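In full-length UniProt numbering, the protein residues as written are 1 to 368. Everything on this sheet refers to the single structure shown next.
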């Protein structure tokens, strides 16, 4: 049975066909992708591939109602569309890809898999904002969390690589263009750094992460900016991009190595906030057994891993210098006898989506 996985990001469209052995039979990335031309992309991709039995779609925001993998109907599609203002960089493009795929493959079951769903297990204390109760109840304001597909895969795969039981206390660090941390116990998310929207949390490529709400109010009043200008700045020109021309960590590291003061400060701010976030996640679990780095930055930026670990010795975190610098996918970079294991895991949202699709449709749903 073949599952077509559609992963529509803010700037890329990733297509994968996964077989029953969890092997990628065919893959293609549209990069950069502006959200248009989806139908043509699907037709070209499917033209010489195997027949598709089901389609799994990554959807960033499921809101309060869509908390598990769900068969797509017109009603479900409308619910996803209504949530677009909460994840504007992703939701509209995912809807464009979803609509195109349903037109091209109308007879196949389409399953929406939500990044927010993994965090539906957050305890009330972790998910609740200390806002006026009228606001919380009227608008269903609470912390959702994101990158759940990546966190779920990384936690399970990381525990396997480290040889730890499912009861281990795990922090997964999804570090890509977007970035978030997750505290996982017994395979369940119990805390995370993103909140109501994907703007919250640690520093990202073009997003600032957590910012004093009073600062934003000041920008809207004394600063003279309107809501659109604030949103544009927070979503596209903040984070690492607020220190260097590009928010690309590879370019930041190159500029830092060349002594660029903006890159040096941007990197230091990034790592400082990352350490803070990891410590907070550990506090939510009462300790730490396994630290997992995943996502493009987490997998490939050895200096980020090294500098982050250097400030977390009080938690028992330590990495082997050579293992860290030469790390490939799914690698333990801990020194022998480390109290806390540290691993690098390749993000496989495609396989997590496939697993969820198979589970919903009653097929075998074990992780490889």
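Where is the CB? At the ideal position from N, CA and C, for every residue including glycine. Being a predicted model, the structure only gives us computed values, none of them experimental.
| query | result |
| --- | --- |
| Just curious, the alpha helix (DSSP H) that residue 295 is in, first and last residue? | 295-300 |
| CB-CB under 6 Å to residue 298, same chain, minus the five flanking residues each way: which ones, in chain order? | 173 and 175 |
| Return the residue from the list 13, 165 and 195 that minimises the CA-CA distance to residue 92. | 13 |
| For residue 270, is the classification buried or exposed, using 16 other Cβ atoms within 10 angstroms of its Cβ as the cut-off for buried? | buried |
| Identify the continuous alpha helix (DSSP H) that holds residue 278 and give its terminal residues. | 261-285 |
| Might you give, ordered along the chain, the residues of its own chain that have their beta carbon closer than 6 Å to the beta carbon of residue 282, omitting 5 neighbours on each side? | 288 and 315 |
| Considering only the alpha carbon of each residue, which of 240, 136, 168 and 229 lies closest to residue 216? | 229 |
| Determine the burial state of residue 336: buried for a count of at least 16 other Cβ atoms within 10 Å of its Cβ, exposed for fewer. | exposed |
| Am I right that residue 28 and residue 45 are in contact with their C-beta atoms under 8 Å? What's the rounded C-beta distance? | 5 Å |
| Between residue 14 and the ligand GDP, is there a pair consisting of the residue's CB and a ligand heavy atom that are separated by less than 7 Å? | Ligands in the displayed structure: none, and consequently the ligand GDP is not present. |
| For residue 242, name the three-state secondary structure that DSSP assigns. | helix |
| Tell me whether residue 150 is buried or exposed, calling it buried when 16 or more other Cβ atoms sit within 10 Å of its Cβ. | buried |
| Given a cut-off of 8 Å on the beta-carbon distance, is the pair residue 105 and residue 24 in contact? | no |
| May I ask you to list the residues that DSSP assigns as paired with residue 179? | 175 |
| By DSSP, does residue 56 sit in helix, in strand, or in coil? | strand |
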